[in-house]
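For what it's worth, my numbering labels the leading residue of the sequence shown as 125, then goes sequentially.
Glycine residues also receive a C-beta, built at the ideal position from the N, C-alpha and C atoms.
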Amino acid sequence: MGRLWDRYTGTRHPHKGIRPRPAPEVRDALLALNGTGLPFAVRRGTPKEGCDLVAACRVPELRLTLKIRMRLLPSTREVRALDERWEPSHESSREQYGRGPATAVYRQWEFKKGPDGRRHKVEALRFDTRDVKDPLRNTVLAAGWTWRGALFAL
Numbered sequence: 125m126g127r128l129w130d131r132y133t134g135t136r137h138p139h140k141g142i143r144p145r146p147a148p149e150v151r152d153a154l155l156a157l158n159g160t161g162l163p164f165a166v167r168r169g170t171p172k173e174g175c176d177l178v179a180a181c182r183v184p185e186l187r188l189t190l191k192i193r194m195r196l197l198p199s200t201r202e203v204r205a206l207d208e209r210w211e212p213s214h215e216s217s218r219e220q221y222g223r224g225p226a227t228a229v230y231r232q233w234e235f236k237k238g239p240d241g242r243r244h245k246v247e248a249l250r251f252d253t254r255d256v257k258d259p260l261r262n263t264v265l266a267a268g269w270t271w272r273g274a275l276f277a278l
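Below, the structure is given as structure tokens:
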């Protein structure tokens with residue numbers, strides 16, 4: 125059940141031969157992702173959030189907010205990550221909350237007049253949740269730590 129559960133939660137282990145870095149270096153490497161042109165910001169977590177670091181991304185055009193809360197566990201050399209999403213609900217005008225590892229691609233379409241004079245449906249905006257998660261996960265794995273996805277709590 126371990127491997128199946130790891131696959132479901134998005135857990136990844138580092139390659140063999142990578143020397144694990146100390147926890148402060150992993151934290152600094154994750155915070156260093158700020159300002160590199162990525163679509164999110166990494167900050168320290170608050171006691172209310174119950175985590176060490178938070179990567180937050182907001183896409184106002186899609187009314188989408190994505191947060192990845194991370195807790196560093198130096199004893200096991202792993203980063204536990206909990207994904208949270210607030211997205212528009214299809215049933216009402218409210219937002220819908222979702223939690224757990226889920227890869228999603230959000231698209232916004234519009235109609236434009238083509239060279240042939242006819243209307244064509246073209247993609248106006250595209251957002252992939254992997255654009256947020258992959259740089260975080262790759263940074264953790266490059267530091268020799270395990271990225272462990274969580275479903276309910278850190």
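Query                                                                                                     : Result
Where Gly273 falls, given that 16 or more other Cβ within 10 Å makes a residue buried                     : buried
Collapsed DSSP secondary structure at Pro239 in the structure displayed                                   : coil
Per-residue DSSP class, three states only, for Thr133                                                     : helix
The segment 183 to 191 touching the segment 241 to 261, judged by at least three CB pairs closer than 8 Å : yes
Own chain residues within Cβ distance below 6 Å of Ala147, not counting five before or after              : Leu196, Pro198
Three-way DSSP call (helix, strand, coil) for Leu260 in this model                                        : helix
Among Ala228, Trp269, Arg223, nearest to Ala277 - alpha-carbon criterion                                  : Arg223
Nearest-angstrom beta carbon gap, Leu157 and Val279 [assumed within contact, 8 Å]                         : The structure shown does not extend to residue 279, since the chain is modelled only from 125 to 278, so the question has no answer here.
Rounded Cβ spacing between Leu260 and Leu186 (contact assumed at less than 8 Å)                           : With 8 Å as the limit, Leu260 and Leu186 do not qualify as a contact, their Cβ atoms being about 20 Å apart.
Same chain only: Cβ atoms within 8 Å of Asp176, ignoring 5 sequence neighbours per side                   : Arg151, Arg168, Gly169, Met194, Arg195, Leu196
Three-state class that DSSP yields for Glu185 in the structure shown                                      : helix
Beta-carbon proximity of Thr263 to Thr135, cut-off 8 Å                                                    : no
First through last residue of the beta strand (DSSP E) which encompasses Leu206                           : 202 to 212
Beta-carbon proximity of Lys236 to Val246, cut-off 8 Å                                                    : yes
For Gly273: DSSP bridge partner residues                                                                  : Ala205
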